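These notes are about the structure you will find just below.
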Amino acid sequence: YEHWGSLTEGLRTGLPQNEAKGTGEQNSFNSLYSDPQRLRTFLGAMTGVSLGPAVAIARKFPWKNYRTFVDVGTAQGGLPTQVALAHEHVTGKGFDLPIVQPIFEEYVHSFGLQPRLSFHPGNFFEDPLPEADVLVMGHILHDWNLEQKMMLLSKAANALPKGGSLTVSDAVIAE
Numbered sequence: 225y226e227h228w229g230s231l232t233e234g235l236r237t238g239l240p241q242n243e244a245k246g247t248g249e250q251n252s253f254n255s256l257y258s259d260p261q262r263l264r265t266f267l268g269a270m271t272g273v274s275l276g277p278a279v280a281i282a283r284k285f286p287w288k289n290y291r292t293f294v295d296v297g298t299a300q301g302g303l304p305t306q307v308a309l310a311h312e313h314v315t316g317k318g319f320d321l322p323i324v325q326p327i328f329e330e331y332v333h334s335f336g337l338q339p340r341l342s343f344h345p346g347n348f349f350e351d352p353l354p355e356a357d358v359l360v361m362g363h364i365l366h367d368w369n370l371e372q373k374m375m376l377l378s379k380a381a382n383a384l385p386k387g388g389s390l391t392v393s394d395a396v397i398a399e
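Just so we're aligned, residue 225 is where the sequence shown starts under this note's numbering, counting upward by one.
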């Protein structure tokens with residue numbers, strides 16, 4: 225919650241008020257992902273903050289029309305787990321950096337969903353997004369500038385088949 229104390233400064237300057245503040249790093253995730261305990265804590269926190277939207281997406285999205293999905297930036301796999309629990313006909317993948325894989329697999333295994341959910345390692349800036357009927361981006365776009373957001377959305381369009389769907393759940397999308 226400490227970042228909320230810098231909300232006014234962030235709104236005035238447009239500069240990051242997250243973990244990157246004062247480090248000079250453009251990408252605060254570098255420091256988070258370099259420490260295994262901080263990474264595990266962060267991914268658990270992402271599951272916590274995303275659980276409400278994940279449950280809503282699992283319940284309200286028309287999954288009956290789709291068979292496969294990929295959760296881009298999946299963290300522990302909170303969204304894939306909720307979708308798989310609610311819809312037995314759907315299979316999915318969590319897409320995130322390779323270092324996340326054991327944490328994702330442990331979480332998915334705790335629900336007994338490993339036959340229907342798998343991990344696809346990759347970097348959404350460097351690699352194409354995996355193809356699926358549905359792509360989900362939760363808490364992704366707000367971290368990046370407009371050019372990066374447009375690039376990620378373009379990659380999503382390239383990965384989706386005709387009639388596919390992109391679902392976005394985010395804190396802040398505008399610059």
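All C-beta atoms in this analysis are idealised placements derived from N, C-alpha and C, irrespective of residue type, glycine included.
For clarity, every value in this text was computed on a predicted model and none was experimentally measured.
Compute the minimum distance between the beta carbon of residue i and the heavy atoms of the ligand ZN, and state whether it is under 7 angstroms.
i	result
Ala381	Ligands in the displayed structure: none, and consequently the ligand ZN is not present.
Check each candidate in the options and name the one with the smallest Cα separation from residue i.
i	options	result
Val294	Asp320, Gly234, Val273	Asp320
Ile364	Leu235, Lys288, Gly229, Thr298	Thr298
Leu384	Gln325, Glu371, Arg291, Phe335	Arg291
Pro322	His313, Glu350, Leu390	Glu350
Gly336	Val324, Glu312, Leu359, Gly346	Glu312
Asp394	Lys373, Val314, Tyr257	Lys373
Pro339	Ala381, Val314, Leu359	Val314
Tell me which same chain residues have a C-beta within less than 6 angstroms of the C-beta of residue i, skipping the five on either side of it?
i	result
Met361	Val296, Val392
Leu341	Pro304, Ala308, Gly316, Val332
Glu249	Interpretation of Glu249 is limited by its pLDDT of 45, a score under 50 that renders its predicted location unreliable; the figure taken from the coordinates is listed afterwards. Cβ neighbours of Glu249 beyond the five flanking positions: none.
Between residue i and residue j, how many whole angstroms is the CB-CB distance? I'm expecting something under 8 angstroms.
i	j	result
His344	Pro354	5 angstroms
Gln261	Ala278	About 24 angstroms; that fails the 8 angstroms criterion.
With the cut-off set at 8 angstroms, would you say residue i and residue j are in Cβ contact?
i	j	result
Gln300	Leu275	no
Asp357	Gly388	yes
Phe348	Leu370	no
Thr271	Gly302	yes
Where DSSP assigns a beta bridge to residue i, which residues make up the other side?
i	result
Pro345	Asp320
Val296	Phe319, Met361
Output needed for residue i: all residues of its chain with C-beta closer than 8 angstroms, excluding positions within five of it in sequence on either side, in chain order.
i	result
Ile397	Low per-residue confidence applies at Ile397: pLDDT is 38, beneath 50, and the placement is therefore not dependable, though the value from the model is reported in the following sentence. Only Leu365, His366, Lys373 meet the Cβ criterion.
Ala380	Val296, Leu353, Leu359, Met361, Leu390
Got a sec? Which residues, its chain only, sit under 7 angstroms from residue i by beta carbon, not counting five neighbours each side?
i	result
Gln325	Phe343, Pro345
Tyr257	Leu263, Leu321, Ile323
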